[in-house]
Amino acid sequence: KAGVTQTPRYLIKTRGQQVTLSCSPISGHRSVSWYQQTPGQGLQFLFEYFSETQRNKGNFPGRFSGRQFSNSRSEMNVSTLELGDSALYLCASRGSVFSEQYFGPGTRLTVT
Amino acid sequence: QKEVEQDPGPLSVPEGAIVSLNCTYSNSAFQYFMWYRQYSRKGPELLMYTYSSGNKEDGRFTAQVDKSSKYISLFIRDSQPSDSATYLCAMSVGTGNQFYFGTGTSLTVIP
Chain A
208 KAGVTQTPRY
218 LIKTRGQQVT
228 LSCSPISGHR
238 SVSWYQQTPG
248 QGLQFLFEYF
258 SETQRNKGNF
268 PGRFSGRQFS
278 NSRSEMNVST
288 LELGDSALYL
298 CASRGSVFSE
308 QYFGPGTRLT
318 VT
Chain B
1363 QKEVEQDPGP
1373 LSVPEGAIVS
1383 LNCTYSNSAF
1393 QYFMWYRQYS
1403 RKGPELLMYT
1413 YSSGNKEDGR
1423 FTAQVDKSSK
1433 YISLFIRDSQ
1443 PSDSATYLCA
1453 MSVGTGNQFY
1463 FGTGTSLTVI
1473 P
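What follows is the structure, encoded as C-alpha cells:
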C-alpha cells in the first residue's frame, strides 16, 4: 500500500506571496491532518479534515486554510506569507478519526 | 505554558546503552500517550501507544505513563545506531481529538 505523499517536497517563496501544498492520503483513509513543524515549537496542529469537513482546528491565524476533496486528497493554503511561516509542513492520514496517524515526508517551505 | 514539554537534547549515547526519554504535560485530561520516531527528512512514525497510566513493552522499547506526576517516559534497551533519530511524544484527550506534540529529543547512538 502506498504511503502518504506530499507535493512539492521543497518550496521557496517570498514574503507576501501565497502557497498551496498538497497531500494524498493512504488509499481508503478519509481523515487528513496538517501540522507545522519548527525547531522551536515542534509539531503544531493546524487542522483535520474528515470526509471533506473540517473536524478540528488548531490555533493558527486565518491565513492558514485547507480543504479536502471527495477523493480525500487535501490541500493547505497559506496566504500573505511571513518569514515565520518557514517550516516543515506535515500531513497525516488515518482510516478513521479513532485510528493511528500515518505521516507523509513533509513539504519544506522557506520564506525569504 | 506549553501543553507538552520535552527536553530537546541532543542526547548522545554509546551503542548498547539504555536510553531514557521524557515528557511532562500540564493537561490532566490527557488519556492517550504516544511516542513517535522521526528520521532525518522523513515524517514521524508511531512507535508506542499507551492509554492512561502504566507500562507497555514492545521489544527493546518500554513506555511508561505516570498520570499523577503528569510525566511520561520512553526507555530504549540495548540501543543501536539505527535508533539515532528524533523522538517525539504526543498526547490527546481522546482518540478523536487533537494531538499535542513535544518538540522532540534528538538521539545519536554511537557505534
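Same order as they appear, the protein sequences are chains A and B.
Taking the numbering used here, the leading residue of the first sequence gets 208, the next gets one more, and so forth.
Taking the numbering used here, the leading residue of the second sequence gets 1363, the next gets one more, and so forth.
Just so it is clear, CB atoms sit at the ideal spot from N, CA and C, and this is done for glycine as well.
In the displayed model, B:Pro1370 falls within coil according to three-state DSSP, outside both helix and strand. In the three-state reduction of the DSSP assignment, A:Pro312 falls in the coil class.
At a Cβ-Cβ threshold of 8 Å, B:Ala1452 and B:Phe1437 do not count as neighbours. The DSSP-derived three-state label of A:Leu288 is coil.
According to DSSP, residue pairing for B:Leu1469 in a beta bridge involves B:Leu1373, B:Ala1447. Our two residues, A:Asn278 and B:Val1381, have alpha carbons roughly 42 Å apart in a direct line. In the three-state scheme derived from DSSP, where H, G and I count as helix and E and B as strand, B:Tyr1387 is classed as strand.
Non-local beta-carbon contacts of B:Glu1407 in its own chain, meaning distances under 7 Å to residues more than five positions away in sequence, involve Tyr1398, Arg1399 in chain order. Here A:Thr221 carries a coil assignment [DSSP, helix/strand/coil]. The beta carbons of B:Ala1379 and B:Ser1441 sit closer together than 8 Å.
Put simply, the backbone Cα of B:Pro1473 is about 29 Å away from that of B:Glu1367. Rounded to whole angstroms, A:Cys298 and B:Asn1459 show a C-alpha spacing of 16 Å. Following the DSSP letters along the chain, one finds B:Thr1424 inside the beta strand (DSSP E) bounded by residues 1423-1428. In the three-state DSSP reduction, A:Lys264 falls in the strand class (E or B). Neighbours of B:Glu1407 in chain A, taken as residues whose beta carbon is under 9 Å from its own, are Tyr309, Phe310 in chain order. Judged by DSSP in its simplified three-state form, B:Thr1412 adopts strand.
Proximity of A:Phe252 to chain B, defined by a Cβ-Cβ separation below 8 Å, is satisfied. Taking 8 Å as the upper bound on Cβ-Cβ separation, chain A lies near residues Leu1450, Ala1452, Thr1457, Gly1458, Asn1459, Gln1460 of the stretch 1448-1460 of chain B. Note on geometry: alpha-carbon atoms of A:Lys220 and B:Gly1416 lie some 46 Å from one another.
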